[in-house]
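Protein chains in written order, with full-length UniProt numbering: chain A, 1 to 142; chain B, 1 to 142; chain C, 1 to 142; chain D, 1 to 142.
Notes follow the structure.
Protein chains: 4
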Amino acid sequence: MEKKILSSSEIDRIRTSFAAQSLMRTFGAELGEIAPGRVEITAPILPGSRQQHGFAHAGLTFSLGDSAAGYAALSMMPEGAEVMSVEVKINLLAPAKGSRLIAIGKVVKPGRRLVVVSAEVFAEEAGTRKLVALLQGTMIPV
Amino acid sequence: MEKKILSSSEIDRIRTSFAAQSLMRTFGAELGEIAPGRVEITAPILPGSRQQHGFAHAGLTFSLGDSAAGYAALSMMPEGAEVMSVEVKINLLAPAKGSRLIAIGKVVKPGRRLVVVSAEVFAEEAGTRKLVALLQGTMIPV
Amino acid sequence: MEKKILSSSEIDRIRTSFAAQSLMRTFGAELGEIAPGRVEITAPILPGSRQQHGFAHAGLTFSLGDSAAGYAALSMMPEGAEVMSVEVKINLLAPAKGSRLIAIGKVVKPGRRLVVVSAEVFAEEAGTRKLVALLQGTMIPV
Amino acid sequence: MEKKILSSSEIDRIRTSFAAQSLMRTFGAELGEIAPGRVEITAPILPGSRQQHGFAHAGLTFSLGDSAAGYAALSMMPEGAEVMSVEVKINLLAPAKGSRLIAIGKVVKPGRRLVVVSAEVFAEEAGTRKLVALLQGTMIPV
């Protein structure tokens, strides 16, 4: 990961793509810190994003982790490229209780043909963060 | 899988839990056929459920597949039990284009301590179904 | 999967590659039926292939499943191509007791850039087969 | 992970179980550092452990990573417990070239019913270590 800083056009590419994902708007999600090979996405646990016990649905947790990992991959790709998820594995470590989720996606292994990524998802409750999910996956440039 | 038919209270347990998942309402999702070890969930690809190219977001695909697999597991569990996803792996096979998704969750291996599940997710476009994702995972009774 | 039958050079490609995998010889593994998108590998559970309770080690189960899935992918690829595992997920369903394992690898979704595969691994004891593992993964032509 | 040091009987439990895994002997594998929630296993890439290009077979890489992760889980479990792999996902990041592999298994999330683990596998060539695989999985006490 020799690249140390993202250009403003590389950051714009991520912001533009994120803004075009209507599911992220539905979830009230926002991009956080964007760095080479590392992207953060946060979202409140909205009344409409829950499972049967009122916690964040695994689908919300997955969506944020998958998108954060995908944009982490995109941050390492050449101009003009886009990214798609090939496969993602999620381990759900604890119920996602709290007011919001923070997903941190990271590039594990950049590559021309495939990018291996991971993501951690934390639930924030009363100011404390708890790790609730771990994702490992593969992204492909398209 | 010796059980051949679900009692109405077993079906109600699934319907009640599904109705309590607010994310499923947000997605406009509906339960389809419910059988022992096999549950179907369908959802339109709503304007608010999309990725940057207008196709279904992987998060929608995952959510439906995960829930269908979870309820397939629940259909095999003793009364009073609930179910949680331990881990799920999704392979995304093709862009999820079309008007709606159909997720079919199945029990691969029932068990007292863990239930191994799979799910197929199809995208329906102009009456044809295309397999767009395959999930394999583990559910735990709680 | 329009191809209905493998040519003898396509079958030879698989046999030659398999024969060059020294781990398969160490395990006493043999190729079984080879068909387009479907390859079988069997191996005895040798005294040197076991875990601490005398059953087949998960590493043996994985190796056979991964190789069967890889050769199933290779059976669908253009001449001259070889195949590598990108990622594989295995669910271990039951202890692998018995005298031998049978792995059946299948192509779920062929593709020019990536091939999605699955494999089932059975343990054979006193003539009965029991499903002991399920694999889902991604192969890449190289 | 409140436990800071392993007792000699806890270390013996791991050594005894490892010694009983005949596959580890077949691979020439050895236990390295053992700490609470962290276990190392190394093995030469023997002539009989290879794939068709002479590199370590994915089955060797998996076996070492899976066992290292399993023993990391065992190191956190109460006396008398044993551990089995429920499911493991491996991403193969690079060809495993070199003279030996080093697998480092770690507990990500301990638990009474399930333990979430990860493992990194490195290939050592001429004194340099390269990350060749990443595993994420679930172990169960038995």
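Built from N, CA and C at the ideal position, the CB exists for glycine as well.
Every value quoted in this text rests on a predicted model; they were computed, and no experiment measured them.
(message) Strictly below 9 Å CB to CB, what residues from chain A border Val108/D?
(response) Asn91, Leu93, Leu131, Leu134
(message) Quick check: is the beta carbon of Val86/A nearer than 8 Å to any beta carbon in chain C?
(response) yes
(request) Check each residue of the stretch 6–40 of chain B: if its Cβ is closer than 9 Å to any Cβ of chain A, include it; give the result in chain order. (result) Interface annotation for the stretch 6–40 of chain B against chain A: Thr16, Ser17, Phe18, Ala19, Ala20, Gln21, Ser22, Leu23, Met24, Arg25, Thr26, Phe27, criterion Cβ-Cβ distance under 9 Å.
(request) Under 8 Å by Cβ, that's how I've got Ala96/B and Phe55/B pegged, so tell me the actual separation to the nearest angstrom. (result) 5 Å
(message) Give me, in chain order, the residues of the same chain whose beta-carbon lies closer than 6 Å to that of Tyr71/C; leave out the 5 immediate sequence neighbours on both sides.
(response) Counting only Cβ-Cβ distances below 6 Å, and skipping sequence neighbours, we find Ile14, Val39.
(request) Could you confirm whether any beta carbon from chain D is found closer than 8 Å to the beta carbon of Gly98/C? (result) No, its Cβ sits nowhere closer than 8 Å to a Cβ of chain D.
(message) Which residues in chain B have a C-beta closer than 9 Å to the C-beta of Ser49/A? List them in chain order.
(response) Ser22, Leu23, Thr26
(message) Just list the residues that DSSP pairs Ser75/A with in beta bridges.
(response) Answer by DSSP bridge pairing: none, since Ser75/A is not bridged.
(request) Take Met1/C and list the residues in its own chain whose beta-carbon comes closer than 8 Å to its own, dropping the five residues that flank it on each side. (result) Annotation note: pLDDT 49 at Met1/C (below 50); position unreliable, coordinate value reported separately. Pro36, Gly37, Met76, Val107, Pro110.
(request) Can you grab the Cα-Cα spacing for the pair Val132/A / Thr26/D, in whole Å? (result) Cα to Cα, the separation comes out at about 38 Å.
(request) Quick one: using the 10 Å Cβ neighbour count with 16 as the cut-off for buried, is Ile5/B buried or exposed? (result) exposed
(message) Using a Cβ-Cβ distance cut-off of 8 Å, determine whether Met1/C contacts chain B.
(response) For Met1/C, the predicted model reports a pLDDT of 49, less than 50, meaning its position is unreliable and no value from the coordinates is stated.
(message) Taking 7 Å as the limit between beta carbons, can you name the residues of its chain near Ala73/A, skipping five residues before and five after?
(response) Val83, Val107, Val115, Val117, Met139
(message) On the CB-based measure, 16 or more other CB atoms within 10 Å of its CB, does Arg112/D come out buried or exposed?
(response) Exposed is the call here.
(message) What does the Cβ neighbour count give for His57/C, buried or exposed, with the cut at 16 atoms within 10 Å?
(response) buried
(message) Here's a check: name, in chain order, each residue in its chain whose Cβ is nearer than 7 Å to the Cβ of Ser68/C, leaving out the five neighbours to either side.
(response) As written in the sequence, residue 68/C is Ala, which differs from the Ser given in the question. Cβ within range, chain order: Val39, Glu40, Ile41, Ala103, Ile104, Gly105, Ala119.
(message) Using a Cβ-Cβ cutoff of 7 Å, what residues of the stretch 52–76 of chain A are near chain B? List them in chain order.
(response) Gln52, His57, Ala58, Gly59, Leu60, Phe62, Ser63, Asp66
(message) Rounded to the nearest angstrom, what separates Ala94/D and Gly98/A at their Cα positions?
(response) 39 Å
(message) Along the chain, where does the alpha helix (DSSP H) containing Leu131/D start, and where does it finish?
(response) No alpha helix (DSSP H) holds Leu131/D; the beta strand (DSSP E) holding it covers 128–141.
(message) Considering only DSSP beta bridges, list what Val39/D is partnered with.
(response) Ile34/D, Gly105/D
(message) Checking 8 Å against the spacing of the C-beta atoms, do Val142/D and Leu92/C come in under that value?
(response) A distance of 8 Å or more separates the beta carbons of Val142/D and Leu92/C.
(request) Rounded to whole angstroms, what's the CA-CA distance from Ser8/A to Phe18/A? Just pull it up for me. (result) 15 Å
(message) Tell me the rounded alpha-carbon separation between Arg129/B and Gly48/B.
(response) 22 Å
(request) Give the DSSP-derived three-state secondary structure of Ser85/B in the structure shown. (result) strand
(request) Measure the C-alpha to C-alpha separation of Glu10/B and Leu31/B and round it to an integer number of angstroms. (result) Spanning the two alpha carbons is a distance of roughly 14 Å.
(request) Output the boundary residues of the beta strand (DSSP E) element that contains Phe27/A. (result) First-last for Phe27/A: undefined, no H or E at that position.
(message) I'd like to know if Thr138/A contacts chain D, where contact means its C-beta is closer than 8 Å to some C-beta of that chain.
(response) Interface residue, yes.
(request) In the DSSP assignment, find the beta strand (DSSP E) that holds Ala123/C and state where it starts and stops. (result) According to the DSSP assignment, Ala123/C belongs to the beta strand (DSSP E) that extends over 115–125.
(message) Can you tell me where the alpha helix (DSSP H) holding residue 143/C begins and where it ends?
(response) With chain C covering 1 to 142 only, the question about residue 143/C has no answer from this structure.
(request) Measure from the alpha carbon of Ile34/C to the alpha carbon of each residue in Glu79/C, Asp12/C, Gly127/C, then state which is nearest. (result) Asp12/C
(request) Using 10 angstroms around the beta-carbon of Glu124/A, count the other beta-carbons present and answer buried if the total reaches 16, otherwise exposed. (result) buried
(request) With DSSP collapsed to three states, give me the class of Leu60/C. (result) helix
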